[in-house]
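First residue of the sequence shown? That's 2 in the working numbering, and the numbers climb one at a time after it. A virtual CB, placed ideally from N, CA and C, is assigned to each residue, including glycine. Scroll down for the structure; my scribbles are underneath it.
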Amino acid sequence: MMARSKVSGDYSIPQKDLEDLKDTITSQDLPTAINTIKEYLKQQDLVELNIGVAGESGSGKSTFVNAFRGLGDEDKGSAKTGVVETTLEPEVYHHPKYNNVKVWDLPGIGTPNFKADEYLQQVEFERYDFFIIIASDRFRECHTQLAKEIMRMGKKFYFVRSKIDASITAEKRKKNFDLEETLDAIREDCVNGLRKIGIEDPVVFLISGWELGKYDLNLLQDRMEKELPQHKRRVLLLALPNITLEINEKKKKALEENIHSVHWCCCEKREKEEKSIHKKSSEDTEPLSSGLKVLPPGPSFSKVIH
Ligand SMILES: Nc1nc2c(ncn2[C@@H]2O[C@H](COP(=O)(O)OP(=O)(O)O)[C@@H](O)[C@H]2O)c(=O)[nH]1
Ligand SMILES: [Mg+2]
2 MMARSKVSGD
12 YSIPQKDLED
22 LKDTITSQDL
32 PTAINTIKEY
42 LKQQDLVELN
52 IGVAGESGSG
62 KSTFVNAFRG
72 LGDEDKGSAK
82 TGVVETTLEP
92 EVYHHPKYNN
102 VKVWDLPGIG
112 TPNFKADEYL
122 QQVEFERYDF
132 FIIIASDRFR
142 ECHTQLAKEI
152 MRMGKKFYFV
162 RSKIDASITA
172 EKRKKNFDLE
182 ETLDAIREDC
192 VNGLRKIGIE
202 DPVVFLISGW
212 ELGKYDLNLL
222 QDRMEKELPQ
232 HKRRVLLLAL
242 PNITLEINEK
252 KKKALEENIH
262 SVHWCCCEKR
272 EKEEKSIHKK
282 SSEDTEPLSS
292 GLKVLPPGPS
302 FSKVIH
């Protein structure tokens with residue numbers, strides 16, 4: 002596959018790939034060129050993204066996995082959720098639309114003889130692009146262990162404090178309840194835990210699997226997307242659940258930019274072909290090639306290449 006590197010737009014096809022594409026298709030006729038482009042886009046879609054979701058039993062891992070895939074707990078193909086632990090081996094869930102995006106529901110941590118190093122070996126840690134550690138309650142020793150070990154293995158994790166709705170409901174019973182203060186206190190507890198293991202500026206994402214649009218899910222999505230290598234970024238972005246307008250706008254932009262780039266590539270080629278046909282036709286007065294289809298402008302070109 003062609004190398005992908007950062008260019009002006011965050012989501013567009015890198016300049017180098019565009020140049021390569023242009024070079025390749027300049028020597029081809031239009032149908033072959035379109036096939037080349039289709040093949041390139043197919044290659045992009047083969048980029049795999051593996052996300053490992055870890056946390057104590059009952060912390061909301063399976064609920065998170067379902068939410069990520071845009072599924073409810075009772076939807077067909079969703080991960081089982083509930084009051085008893087159901088995940089003893091890593092279980093892979095494919096994104097319903099982007100098959101190469103895999104979210105792994107990992108076995109629960111925090112059992113009495115939990116050892117983070119053994120756990121990570123067991124779940125084959127190399128496989129994951131990053132981890133999401135979920136805690137539904139206070140920051141505990143098992144979180145410390147797991148976070149440390151993930152870092153030691155050279156991987157990245159995002160720390161999620163789940164079930165925020167439940168924590169708020171519980172705190173609301175107090176007379177002097179204050180929402181912001183409650184959220185700050187929850188966040189602070191986890192931040193302190195992470196600081197103790199040497200993370201200078203820890204970020205904790207507060208999430209409710211039942212109220213996805215509230216709290217920090219969009220911040221988490223933003224952060225994950227920014228910190229991934231460029232070639233994985235588009236894959237993640239397209240797979241994210243549509244909970245915010247902002248994400249939808251970005252998705253639209255990601256698709257449009259690729260379409261525009263490829264369209265531009267094709268236009269150049271078409272121009273060249275037209276010029277040579279004109280030259281030829283003025284030489285031997287043949288009509289304009291009937292085999293040359295006129296490409297529709299901009300986004301509707303997606304119909305041709307998808
Ligand atoms: N109130 C509330 N309950 C949740 C949330 N996420 C999960 N749960 C419930 O917590 C229980 C355990 O969730 P599950 O996803 O099965 O946890 P897992 O064992 O970590 O996979 C289930 O009854 C879920 O419905 C949440 O954000 N808010
Ligand atoms: Mg589970």
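Query, Result
"For residue 18, count neighbouring Cβ atoms within 10 angstroms of its own Cβ and tell me buried if that reaches 16, exposed if not.", "buried"
"Could you pull out every residue in the same chain whose Cβ sits closer than 7 Å to the Cβ of residue 307, ignoring the five residues on either side in sequence?", "Low local confidence applies: a pLDDT of 34 at residue 307 is under 50, so the model's placement there is unreliable, with the coordinate-based value given in what follows. Excluding residues within five positions, none has a Cβ falling inside 7 Å."
"So, residue 123 versus residue 108, is the Cβ gap smaller than 9 Å?", "yes"
"Would you say residue 244 and residue 214 are within 9 Å of each other, going by their C-beta atoms?", "yes"
"Short of 6 Å in beta carbon distance, which residues of its chain neighbour residue 93, apart from the five on each side in sequence? Order them along the chain.", "103 and 105"
"Considering only heavy atoms of ligand 1, does any lie closer than 8 Å to the CB of residue 75?", "no"
"With 16 other CB atoms within 10 Å as the buried threshold, where does residue 235 fall?", "buried"
"Closest by CA to residue 160, which one among 149, 135 and 167?", "135"
"Helix or strand or just coil, what does DSSP make of residue 130?", "coil"
"Below 7 Å CB to CB, which residues in the same chain sit around residue 132 once its five sequence neighbours on both sides are set aside?", "53, 55, 151, 156 and 158"
"Sorted by chain position, which residues of the same chain lie with C-beta nearer than 6 Å to residue 145's C-beta, five sequence neighbours on each side aside?", "198"
"When you compare the CB of residue 22 with every CB in chain C, is at least one pair closer than 9 Å?", "As a matter of chain content, chain C is missing from the structure shown, which is built from one protein chain."
"Got a sec: does ligand 2 put a non-hydrogen atom nearer than 8 Å to the Cβ of residue 106?", "yes"
"Within 10 Å of its beta-carbon, does residue 186 have 16 or more other beta-carbons around it, so buried, or fewer, so exposed?", "exposed"
"Once DSSP output is grouped into helix, strand and coil, what is the label at residue 19?", "helix"
"Between 168, 117, 242 and 141, which has its C-alpha nearest residue 149's C-alpha?", "117"
"Is residue 63 near ligand 2 - that is, is its Cβ less than 8 Å away from at least one heavy atom of it?", "yes"
"Quick check: what's the CA-CA separation for residue 182 versus residue 169?", "11 Å"
"Have a look at 79, 36, 80 and 63 and flag the residue whose alpha-carbon is nearest the alpha-carbon of residue 163.", "63"
"What separation, rounded to the nearest whole angstrom, lies between the Cα atoms of residue 61 and residue 31?", "51 Å"
"Would the C-beta of residue 168 count as close to ligand 2, meaning under 8 Å from any of its heavy atoms?", "no"
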